[in-house]
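**Student:** Under the UniProt record's numbering, think of the first position of the sequence shown as 1, with each following residue one higher. No residue lacks a Cβ here, since even glycine has one placed at the ideal position from N, Cα and C.
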Amino acid sequence: MLLPLCTVSLNSLGEWMSHDRICAQLFLVLWAPQIWVSSPHNATGYYTVHGEEALHADHFSARLSFGDTQTIWARTGYLGFLRRTELTDASGERHDALYVVGSLDETLELRGMRYHPIDIETSVIRAHRSIAECAVFTWTNLLVVVVELDGLEQDALDLVALVTNVVLEEHHLVVGVVVIVDPGVIPINSRGEKQRMHLRDGFLADQLDPIYVAYNM
Numbered sequence: 001m002l003l004p005l006c007t008v009s010l011n012s013l014g015e016w017m018s019h020d021r022i023c024a025q026l027f028l029v030l031w032a033p034q035i036w037v038s039s040p041h042n043a044t045g046y047y048t049v050h051g052e053e054a055l056h057a058d059h060f061s062a063r064l065s066f067g068d069t070q071t072i073w074a075r076t077g078y079l080g081f082l083r084r085t086e087l088t089d090a091s092g093e094r095h096d097a098l099y100v101v102g103s104l105d106e107t108l109e110l111r112g113m114r115y116h117p118i119d120i121e122t123s124v125i126r127a128h129r130s131i132a133e134c135a136v137f138t139w140t141n142l143l144v145v146v147v148e149l150d151g152l153e154q155d156a157l158d159l160v161a162l163v164t165n166v167v168l169e170e171h172h173l174v175v176g177v178v179v180i181v182d183p184g185v186i187p188i189n190s191r192g193e194k195q196r197m198h199l200r201d202g203f204l205a206d207q208l209d210p211i212y213v214a215y216n217m
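#1: Could you give the residue range of the beta strand (DSSP E) that holds F137?
#2: Can you give the beta carbon distance from V166 to S123, rounded, assuming they're within the 8 Å contact cut?
#3: Have a look at H41 and H95 and give me their C-alpha separation to the nearest angstrom.
#4: How should L204 be labelled, buried or exposed, when 16 other C-beta atoms within 10 angstroms of its C-beta is the threshold for buried?
#5: Would A214 be called buried (16 or more neighbouring beta carbons within 10 Å of its own) or exposed?
#6: I think V163 touches V145, with their Cβ atoms under 8 Å apart; what is that distance to the nearest whole Å?
#7: Measuring straight from C-alpha to C-alpha, what distance separates I125 and P183?
#8: Under a Cβ-count criterion, where at least 16 other Cβ atoms within 10 Å of its own Cβ denotes burial, should Y46 be classed as buried or exposed?
#9: Does S123 come out as helix, strand or coil in the three-state DSSP assignment?
#10: What's the C-alpha gap between L152 and P187?
#11: Beta-carbon within less than 6 Å of I72's beta-carbon, same chain only, minus the 5 sequence neighbours each way: which residues are those?
#12: Which residues in the same chain have their Cβ closer than 6 Å to the Cβ of I35, if we skip the five residues on either side of it in sequence?
#13: Indicate the three-state DSSP secondary structure (helix, strand or coil) for L64 in the structure shown.
#14: For the beta strand (DSSP E) containing D201, name the first residue and the last one.
#15: Residues in its own chain within less than 8 Å of A43 by CB, not counting five upstream and five downstream?
#16: In chain order, what residues of the same chain lie with their CB nearer than 7 Å to the CB of E86, ignoring the 5 residues before and after it?
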């Protein structure tokens with residue numbers, strides 16, 4: 001997802017931050033590096049029981065700790081970064097673009113580093129034509145990769161080594177568990193989003209009915 005922007009700067013603490021106007025009456029800030037937005041159309045909270053509005057104040061009524069401390073921001077819960085592109089604006093000048101890389105809640109913490117599930121999943125799906133879908137999550141500090149096999153069940157064992165190698169080569173991560181399942185096992189919500197935590201719950205409850213499971217522990 002791209003949104004046109006203009007500048008990148010560091011604050012007085014040396015933290016990477018951007019503050020820019022991306023269209024009429026809409027402002028955006030990247031704060032270490034979660035995306036915050038401010039506009040006249042910002043919501044003030046979720047529909048909730050009267051008296052519980054304070055539970056969402058940190059999400060919908062955030063303020064910067066320096067500079068403009070009066071503007072109210074909404075924390076989107078998504079991580080992003082800015083990068084100069086070849087795109088041009090109406091004046092013909094190149095501008096920066098905002099890349100939305102994923103939800104903060106779904107990031108994986110492994111070996112002291114942050115990974116986005118979609119990056120690992122895309123690598124796995126591209127590894128073999130028989131891989132219909134993939135979802136990843138962590139379990140006791142192990143990376144679990146669930147793969148939907150659209151092919152013969154006897155191919156499942158071959159996919160284990162393939163998946164392990166591609167994740168190691170492209171992301172420098174050791175896969176702890178590879179789970180091969182039938183198509184349609186990975187839950188998807190009405191918006192087309194993978195329900196990785198529901199999948200994790202099913203894995204822990206031994207409800208996935210897998211074709212094959214390999215523990216590389």
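**Tutor:** Taking the structure as given:
#1: Locating residue 137 in the sequence shown gives position 137, counting from the first residue. That run of the beta strand (DSSP E) goes 131-139.
#2: The residue labelled residue 166 in the question sits at position 166 within the sequence shown. The residue labelled residue 123 in the question sits at position 123 within the sequence shown. With a contact defined as Cβ atoms closer than 8 Å, V166 and S123 qualify at about 5 Å.
#3: Mapped onto the sequence shown, residue 41 falls at position 41. Mapped onto the sequence shown, residue 95 falls at position 95. A straight-line Cα-Cα distance of about 25 Å links H41 and H95.
#4: Within the sequence shown, residue 204 is the residue found at index 204, counting from 1. It counts as exposed.
#5: By 1-based counting over the sequence shown, the position of residue 214 is 214. So A214 counts as buried.
#6: Position 163 of the sequence shown, counted from the first residue, corresponds to residue 163. Position 145 of the sequence shown, counted from the first residue, corresponds to residue 145. Between V163 and V145 the beta-carbon gap is near 6 Å, inside 8 Å, which marks them as a contact.
#7: Residue mapping note: residue 125 aligns to position 125 of the sequence shown, counting from 1. Residue mapping note: residue 183 aligns to position 183 of the sequence shown, counting from 1. Going by the C-alpha atoms only, they are around 13 Å apart.
#8: In the sequence shown, the residue the question calls residue 46 occupies position 46. Counting Cβ neighbours within 10 Å, Y46 comes out exposed, since fewer than 16 surround it.
#9: The residue given as residue 123 occupies position 123 in the sequence shown. In the structure shown, S123 sits in a helix (DSSP, three-state: H, G or I).
#10: Taking the first residue of the sequence shown as 1, we reach residue 152 at position 152. Taking the first residue of the sequence shown as 1, we reach residue 187 at position 187. Going by the C-alpha atoms only, they are around 22 Å apart.
#11: By 1-based counting over the sequence shown, the position of residue 72 is 72. Taken in chain order, the residues that qualify are S61.
#12: Position 35 of the sequence shown holds residue 35. For I35, where only same-chain residues beyond five positions count, the Cβ hits under 6 Å are T76, Y78, G80.
#13: For this step, residue 64 is matched to residue 64 along the sequence shown. DSSP places L64 outside both helix and strand once states are collapsed to three, so it counts as coil.
#14: One-based indexing of the sequence shown puts residue 201 at position 201. For D201, there is no enclosing beta strand (DSSP E); the enclosing alpha helix (DSSP H) has its first and last residue at 196-204.
#15: Working through the sequence shown from its first residue, we reach residue 43 at position 43. Apart from the 5 residues on each side of it in sequence, A43 sits with its Cβ closer than 8 Å to the Cβ of F60, A74 in its chain, given in chain order.
#16: Position 86 of the sequence shown, counting from 1, holds the residue named residue 86. If we look at E86 and ignore the five residues flanking it on each side, its Cβ neighbours are R94.
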